[in-house]
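S.K.:
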Amino acid sequence: MTRDPAAQAVHERLEHLATTMSEPDLEAGWAALVAQLEPPVAPVVPLRRRPKPRRAIVLGVAAAMLIAGAAFAAVRHGGADGRPTSVGPVTTPPGRVGMGPHTHPPLARPRAASRPTPSRSRTTHHDGGTSTTGGSTSSGYRSGGASSASHHQGKTHTFHHDSSDDTDHGTGNDGTHNDNGQGNNAQGQDTQGNDNGSSGGSGQDQSGSGQGSSNRGTDARGGGDSTSGAGHAGDHGSHNDGQGGGQGAHG
Amino acid sequence: MEVSAFQPSAANISAVSSDGNRGEPDGREHERALVARAKDGEQDAFGTLYRQHVAAVSRVVRFRLGREDEDAVSEVFLRAWRGLSTYRDTGVPFAAWLYGIARHVAVDVLRASARTEPRAELPDVEVDPMTVELLTLHDAIEQLPTEQRQVIELKYLVGMSNAEVAAAMDTSTGAINARQWRALKSLADVLEDRA
Numbered sequence: 001m002t003r004d005p006a007a008q009a010v011h012e013r014l015e016h017l018a019t020t021m022s023e024p025d026l027e028a029g030w031a032a033l034v035a036q037l038e039p040p041v042a043p044v045v046p047l048r049r050r051p052k053p054r055r056a057i058v059l060g061v062a063a064a065m066l067i068a069g070a071a072f073a074a075v076r077h078g079g080a081d082g083r084p085t086s087v088g089p090v091t092t093p094p095g096r097v098g099m100g101p102h103t104h105p106p107l108a109r110p111r112a113a114s115r116p117t118p119s120r121s122r123t124t125h126h127d128g129g130t131s132t133t134g135g136s137t138s139s140g141y142r143s144g145g146a147s148s149a150s151h152h153q154g155k156t157h158t159f160h161h162d163s164s165d166d167t168d169h170g171t172g173n174d175g176t177h178n179d180n181g182q183g184n185n186a187q188g189q190d191t192q193g194n195d196n197g198s199s200g201g202s203g204q205d206q207s208g209s210g211q212g213s214s215n216r217g218t219d220a221r222g223g224g225d226s227t228s229g230a231g232h233a234g235d236h237g238s239h240n241d242g243q244g245g246g247q248g249a250h251g
Numbered sequence: 252m253e254v255s256a257f258q259p260s261a262a263n264i265s266a267v268s269s270d271g272n273r274g275e276p277d278g279r280e281h282e283r284a285l286v287a288r289a290k291d292g293e294q295d296a297f298g299t300l301y302r303q304h305v306a307a308v309s310r311v312v313r314f315r316l317g318r319e320d321e322d323a324v325s326e327v328f329l330r331a332w333r334g335l336s337t338y339r340d341t342g343v344p345f346a347a348w349l350y351g352i353a354r355h356v357a358v359d360v361l362r363a364s365a366r367t368e369p370r371a372e373l374p375d376v377e378v379d380p381m382t383v384e385l386l387t388l389h390d391a392i393e394q395l396p397t398e399q400r401q402v403i404e405l406k407y408l409v410g411m412s413n414a415e416v417a418a419a420m421d422t423s424t425g426a427i428n429a430r431q432w433r434a435l436k437s438l439a440d441v442l443e444d445r446a
């Protein structure tokens, strides 16, 4: 580098300035400073929080309960739709019904009663009507309401459709007559030839039709069950099944 | 005359090799030990550091403020004491760390004084020639770029060598020499214009 007189002059001025500055009193300054010194702040070390094992257990139990509840709800919902489920009543196909009495599901199942759609199952569509006629109590417990005319004996799955003007409730009656849950036709004869019987609720099945409320097309005995109210309909070839289990004491 | 040959007459903080290379100074290990002990809370070690650097810090504060301010000097070392746990020895001299603190303290003092309204007229005080010279150079240095100004302050006020300044500014010794040369030329031009 080239020697520059102007830069050299500035350099000398700066050196002179630095040397002429008064030196502070070291001991006095330190004595004043040490009185203000505090212990240095220790560096903050964050504590490690170990996860509590109990929390994992609680979460696991909660997750298991959630899954189990969801599975149970799915099963129940599926059963209401007509799929065979473990919680629904065990029914016997009509082909085997003749071997013994039917087993009917319990009464008054709100969910099933509130479903207006026709069902394929004989046991899932229930009308909860209860009527008392002549001292007999008949609780309609049917599945599918009125069955179609083209009934096939021994078939376990038939479509049942209530007529649009059928106002009976839970009687297992079909057709257009209205018997309001008695399971009896006022004339003693169902227009469809299905639900006939004495108005006294004798539980007897006449002309091969179910008495009371629950009639099965394949039961030849035709006797109403006076204790359970599950009437058994005699099957005479053209009988329609799909009647829910009537309940009540038939006179 | 080579710019690299400029050596401030101020007391050197540590012994530096005379060749100006970035070699390890002899006093650096001692200074590191003092800093480590001070970080552990030993006030005696910090007192030693204080005695070594208080002159340089005092010059920086006075040059920045234009007057002596013992409280500002004490504030610099108080902040250094409180912030010792954050100090990391990266090869930069401890004086450079103190220089940074001193600059911040000077700025804070100037801001605080700017917010103070004078209630009475300032008395007519005769200013000594030294203060006039200091203010003149201060105003000239204020017009330099930041890097050149830092080189001038570190070399002439703090008393660091070119190698130490190069380490503090994370550059080479040659670059420091060039900046010092340009800074001196610029200062000469500014001072000539004012004259």
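Protein chains in written order, with the numbering used here: chain A, 1 to 251; chain B, 252 to 446.
C-beta: ideal position from N, C-alpha, C; glycine also.
So, with DSSP's three-state summary, where would you put A446 (chain B)?
M.R.: coil
S.K.: Which same chain residues, not among the five before or five after A31 (chain A), have their C-beta less than 8 Å away from its C-beta?
M.R.: none
S.K.: Kindly give me the distance between the Cβ atoms of V311 (chain B) and V409 (chain B), rounded to whole angstroms, as I take these residues to be in contact under 8 Å.
M.R.: 6 Å
S.K.: So which residues on chain B does V58 (chain A) lean against when the C-beta distance must stay under 7 Å?
M.R.: Simply none; closest approach about 41 Å.
S.K.: On a CA-only basis, which of B:M420, B:L388, B:V308, B:R400 is nearest H16 (chain A)? Give me that one, please.
M.R.: B:L388
S.K.: I'd like to know whether the C-beta atoms of A347 (chain B) and R315 (chain B) end up nearer to each other than 8 Å.
M.R.: Contact: no.
S.K.: Closer than 8 Å, CB to CB, is S412 (chain B) near chain A or not?
M.R.: no
S.K.: Taking its Cβ as the centre, do 16 or more other Cβ atoms sit within 10 Å of G298 (chain B), making it buried, or is it exposed?
M.R.: That one is buried.
S.K.: For the alpha helix (DSSP H) containing A417 (chain B), list its first residue and its last residue.
M.R.: 413–419
S.K.: Assess, as a yes-or-no matter, whether the stretch 421–440 of chain B is touched by the stretch 390–410 of chain B under the definition of 3 or more beta carbon pairs within less than 8 Å.
M.R.: yes
S.K.: Is P344 (chain B) helix, strand or coil when you go by DSSP?
M.R.: coil
S.K.: Output the boundary residues of the alpha helix (DSSP H) element that contains T237 (chain B).
M.R.: This structure leaves residue 237 (chain B) out entirely; chain B is present only between 252 and 446.
S.K.: Establish whether the CB of E384 (chain B) and some CB of chain A are separated by less than 8 Å.
M.R.: Yes, E384 (chain B) lies at the interface with chain A (some Cβ there is under 8 Å from its Cβ).
S.K.: Whole angstroms are fine: how far does the CA of A426 (chain B) sit from the CA of D291 (chain B)?
M.R.: Between D291 (chain B) and A426 (chain B), the C-alpha separation is close to 37 Å.
S.K.: Is V45 (chain A) close to chain B, meaning its C-beta is less than 8 Å from at least one C-beta of that chain?
M.R.: no
S.K.: Name the two residues that bound the continuous alpha helix (DSSP H) containing R407 (chain B).
M.R.: Rather than Arg, the amino acid found at residue 407 (chain B) in this sequence is Tyr. Counting along the chain, Y407 (chain B) falls outside any alpha helix (DSSP H), and DSSP gives it neither H nor E.
S.K.: Is Y301 (chain B) helix, strand or coil by DSSP?
M.R.: helix
S.K.: Considering only the alpha carbon of each residue, which of B:A306, B:L442, B:R288 lies closest to G29 (chain A)?
M.R.: B:A306
S.K.: Is V45 (chain A) helix, strand or coil when you go by DSSP?
M.R.: Correct three-state label for V45 (chain A): coil.
S.K.: Measure the CB-CB distance between V308 (chain B) and A353 (chain B) and report whether it falls below 8 Å.
M.R.: If you check the CB distance, V308 (chain B) and A353 (chain B) come in under 8 Å.
S.K.: Measuring only the C-alpha atoms, how far is L349 (chain B) from A365 (chain B)?
M.R.: 24 Å
S.K.: From the DSSP output, in three-state form, read off M65 (chain A) for me.
M.R.: Note: M65 (chain A) maps to helix in three-state DSSP.
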